[in-house]
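**Q** Handing you a structure now.
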Amino acid sequence: MLEFFNDTQTIHFIIIVGSMSLFFIGFYGIATQKNLVKILVSFDIMESALFLFFIGLHYKVGLVAPILDKHLKTFTNMVDPVPQAMILTTIVIGLAVLALGLSFGIEYYKLTGRNDISKMNELRD
Amino acid sequence: MIGLLILFTFLAIIVVALGAILSKDITQSVMLFMGVGLGSVVLFFIFQAPDVALTEAVIGTGLSTAVFLLGIRHTSQEEAES
Amino acid sequence: MNLKKELRLKHIILSLLSSALLLSFLGLLMQVKTNTYKTVGDIFLNLNMQTATANAVTSVVTFFRGIDTVGEVTVLFLATSGVALMLSSTQRTSKKVVKQESFVLHVGSRLLMSVIILFGVYIVIHGHLSPGGGFQGGVVIATAFLLLFLANPNMSLSHGILTLGESLSGSAYVLVALIGLFKMNILLGNFLPHPVGEIGELVSGGIIPVIYILVGIKVGSEMSVIVEYFIKEDYYKEVYDA
């Protein structure tokens, strides 16, 4: 009865629905939250959703990781290595960009004592 | 069976992400965001991507949470009532 | 009361907007037959035996799409210099902190520091054989420095050595790429000997482990600088408040 869940098309359906829901949860957070740190957290949730989407859509049932070992001598029946390589570098960039955004937030808090973007009116005049 | 595992992990990640967005406490929000990274590690391992799982385990749950917690130590902890 | 009602209305409208966008995206993505088309990854997997690396992700990162990694490392460098620019303005006048952390953290950090750095180096130099590589190993080394900074906040990294290592590894990466251009007529050509029979051994794969070690040095020093700036930020603020 549950063999239905071992189908690649079903797994891709779950991945598309789940990661897109996660992406729009992050979108809702960016649109509604007012605290700078909460906005950065929402941004990172959107990023995680994209990583899951990219890696997940290249997984098929029966394929193995693209690494050779004692019992595996040829590069056949393996998942696509290109999205993994791209996402690998993107995660590291994500951390550096997160640190940059957080340092902007800290500097703004040190200058004004506020962390709320709805009260950001220093450039109004 | 692997599809059920993926489904339940996605449900857990979505619940944790909603908690991270809707929580009023900033520290709680950051700690719940760590849960999103942890669930992603499990999913990357299921998707046969051990390189990405290792990177996400080190960065998503380790260093980015540390950077968040160090960064918010002296900003306001509670979200302002508007 | 009126304000609260308006706020709730805004939240409802925004969540409806998010749901509508989600449904439209799902409607688009559901029509794609995801498991039928061929990708460039199949070509790379077929060619991968010639590079003599056991890990196909490593050979894609450093060899097939190596020029993308150069750009990625540049973005990392720019973000790190942005963090340093933002957070270093108040730190030049910071005083010594006479704050002693707990005894357990102090002793435990001494014990764990060498083990964590050893693990990071292992991940870096086995990047072409097993999961891992320069990016992951560099970040593991940076977490060792995070532990060290938490244990004794008076410590400061030698910025001369960090800058030297970071810039020398970045230049060596470009130099390796240019030597490949002159000897093999392609950028990042594999000019070191890489016999296919040696696949799975520690010294194999030609320039691929060399490039990953350089990337590991660069990422490790940059992440250590980011961690140091964030920790010093806090301790400076404590002195300032007292």
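Protein chains in written order, with the working numbering: chain H, -19 to 105; chain C, 44 to 125; chain Z, 687 to 928.
By construction, the Cβ of each residue, glycine as well, lies at the ideal position given by its N, Cα and C atoms.
Nothing here was measured: the structure is a model prediction, and the numbers come from that model.
Going by DSSP, which residues form a beta bridge with I47(H)?
**A** Walking along the first sequence from the start, residue 47(H) turns up at place 67. Answer by DSSP bridge pairing, in chain order: N741(Z).
**Q** Taking the alpha-carbon positions, what's the L81(C) to G103(C) distance?
**A** Translated into positions along the second sequence, residue 81(C) becomes position 38. Translated into positions along the second sequence, residue 103(C) becomes position 60. Roughly 8 Å between the two C-alpha positions.
**Q** What residue from H792(Z), G856(Z) and Q717(Z) has the CA that sits closest to G902(Z)'s CA?
**A** As a first step, residue 902(Z) is located in the third sequence; it is residue number 216 there, counting from the start. For the residues H792(Z), G856(Z) and Q717(Z), the minimum Cα distance to G902(Z) belongs to G856(Z).
**Q** Check distances from the C-beta atoms of the segment 51 to 85 of chain H to those of chain Z and list, in chain order, the residues that come in under 7 Å.
**A** F55, M58, D60, P61, V62, Q64, A65, L68, T69, V72, I73, A76, V77, A79, L80, S83 and F84
**Q** Compare the C-beta of L112(C) with all C-beta atoms of chain H and state if any pair is closer than 8 Å.
**A** As a working mapping, residue 112(C) is identified with position 69 in the second sequence. No, its Cβ sits nowhere closer than 8 Å to a Cβ of chain H.
**Q** Hey, G819(Z) and G813(Z): beta-carbon distance below 8 Å or not?
**A** Here residue 819(Z) is taken as the residue at index 133 of the third sequence, counted from 1. Here residue 813(Z) is taken as the residue at index 127 of the third sequence, counted from 1. Result yes, Cβ atoms of G819(Z) and G813(Z) sit closer than 8 Å.
**Q** For M77(C), report the span of its alpha helix (DSSP H) as first-last.
**A** Locating residue 77(C) in the second sequence gives position 34, counting from the first residue. Unbroken alpha helix (DSSP H) run through M77(C): I69 to I89.
**Q** Which residue wins for smallest C-alpha separation from E884(Z), given the options A765(Z), G768(Z) and T737(Z)?
**A** Looking up residue 884(Z) in the third sequence gives position 198. Among A765(Z), G768(Z) and T737(Z), the Cα nearest to that of E884(Z) belongs to T737(Z).
**Q** Can the beta-carbon of I64(C) be found less than 8 Å from the beta-carbon of G9(H)?
**A** Reading the second sequence from its first residue, position 21 is the one you call residue 64(C). Reading the first sequence from its first residue, position 29 is the one you call residue 9(H). Against a cut-off of 8 Å, the Cβ pair of G9(H) and I64(C) comes out as a contact.
**Q** Measure from the C-beta of L43(H) to each C-beta in chain Z and report whether the shortest distance is under 8 Å.
**A** In the first sequence, counting from the first residue as 1, residue 43(H) sits at position 63. Not closer than 8 Å to any Cβ of chain Z, the Cβ of L43(H) fails to qualify, so no.
**Q** Taking Cβ-Cβ distances shorter than 8 Å, what residues in chain Z pair up with T98(C)?
**A** Counted from its first residue, the second sequence places residue 98(C) at position 55. Near T98(C) (Cβ distances below 8 Å), the residues of chain Z are F821, Q822 and V825.
**Q** Within the 8 Å Cβ cut-off, does A837(Z) reach chain C?
**A** As a first step, residue 837(Z) is located in the third sequence; it is residue number 151 there, counting from the start. No, its Cβ sits nowhere closer than 8 Å to a Cβ of chain C.
**Q** Quick check: the Cα distance between P63(H) and V44(H), rounded to an integer number of angstroms?
**A** The count along the first sequence starts at 1 and reaches residue 63(H) at position 83. The count along the first sequence starts at 1 and reaches residue 44(H) at position 64. Looking at the two C-alpha atoms, the distance is approximately 15 Å.
**Q** I'd like to know if T92(H) contacts chain C, where contact means its C-beta is closer than 8 Å to some C-beta of that chain.
**A** For the purposes of this step, residue 92(H) is taken as residue 112 along the first sequence, with counting starting at 1. Not one chain C Cβ lies under 8 Å of T92(H).
**Q** I'd like to know if D68(C) contacts chain Z, where contact means its C-beta is closer than 8 Å to some C-beta of that chain.
**A** In the second sequence, counting from the first residue as 1, residue 68(C) sits at position 25. It does not: the Cβ of D68(C) has no partner Cβ on chain Z nearer than 8 Å.
**Q** Spell out whether any CB of chain Z is found under 8 Å from the CB atom of G105(C).
**A** Reading the second sequence from its first residue, position 62 is the one you call residue 105(C). Yes - at least one Cβ of chain Z is within 8 Å of the one on G105(C).
**Q** Is it the case that the Cβ atoms of I(-5)(H) and G36(H) are separated by a distance below 8 Å?
**A** Along the first sequence, one-based indexing puts residue -5(H) at 15. Along the first sequence, one-based indexing puts residue 36(H) at 56. Their beta carbons are under 8 Å apart, which means I(-5)(H) touches G36(H) by this criterion.
**Q** In the DSSP output, which residue or residues are listed as bridge partners for N15(H)?
**A** Counting from one through the first sequence, the residue named residue 15(H) turns up at place 35. DSSP, once it has assigned bridges, lists D96(H) as partnering N15(H).
**Q** Which residues in the same chain have their Cβ closer than 7 Å to the Cβ of V913(Z), if we skip the five residues on either side of it in sequence?
**A** Position 227 of the third sequence, counting from 1, holds the residue named residue 913(Z). Result list for V913(Z): A828, F831, L832 and F835, in chain order.
**Q** Under the rule that 16 or more other beta-carbon atoms within 10 Å means buried, what is Q71(C), buried or exposed?
**A** On the second sequence, position 28 is the one that residue 71(C) refers to. Exposed: under 16 other Cβ atoms inside 10 Å.
**Q** 8 Å is my cut-off, CB to CB: does V95(C) come that close to chain H?
**A** For the purposes of this step, residue 95(C) is taken as the residue at position 52 of the second sequence. Taking Cβ atoms only, chain H reaches closer than 8 Å to V95(C), which makes this a yes.
**Q** Would you please verify whether the beta carbon of L20(H) is less than 8 Å from any beta carbon of chain Z?
**A** Here residue 20(H) corresponds to residue number 40 of the first sequence, with the count starting at 1. Chain Z contact via Cβ: absent.
**Q** Any beta carbon of chain H sitting closer than 8 Å to that of Q91(C)?
**A** Counted from its first residue, the second sequence places residue 91(C) at position 48. It does; some Cβ of chain H falls within 8 Å.
**Q** Step through the CB atoms of chain C and report whether any lies within less than 8 Å of the CB of M841(Z).
**A** Counting from 1 along the third sequence, the entry for residue 841(Z) is found at position 155. M841(Z) does not count as touching chain C.
**Q** Under 7 Å Cβ-Cβ, which residues of chain H neighbour G46(C)?
**A** Here residue 46(C) refers to the residue found at position 3 when the second sequence is read from its first residue. By Cβ distance, chain H contributes F(-15), N(-14), T(-10), I(-9) and I(-6).
**Q** Give me the Cα-Cα distance between V101(C) and T52(C), rounded to the nearest whole angstrom.
**A** For the purposes of this step, residue 101(C) is taken as residue 58 along the second sequence, with counting starting at 1. For the purposes of this step, residue 52(C) is taken as residue 9 along the second sequence, with counting starting at 1. Cα to Cα, V101(C) sits roughly 19 Å from T52(C).
**Q** Closer than 6 Å by C-beta to I25(H): which residues in its own chain qualify, once you throw out the five before and the five after it? Chain order, please.
**A** Within the first sequence, the letter at position 45 stands for residue 25(H). Excluding positions up to five away in sequence, the list reads G6.
**Q** Which residues, taken in chain order from the segment 867 to 882 of chain Z, show a beta carbon closer than 7 Å to some beta carbon of chain H?
**A** none
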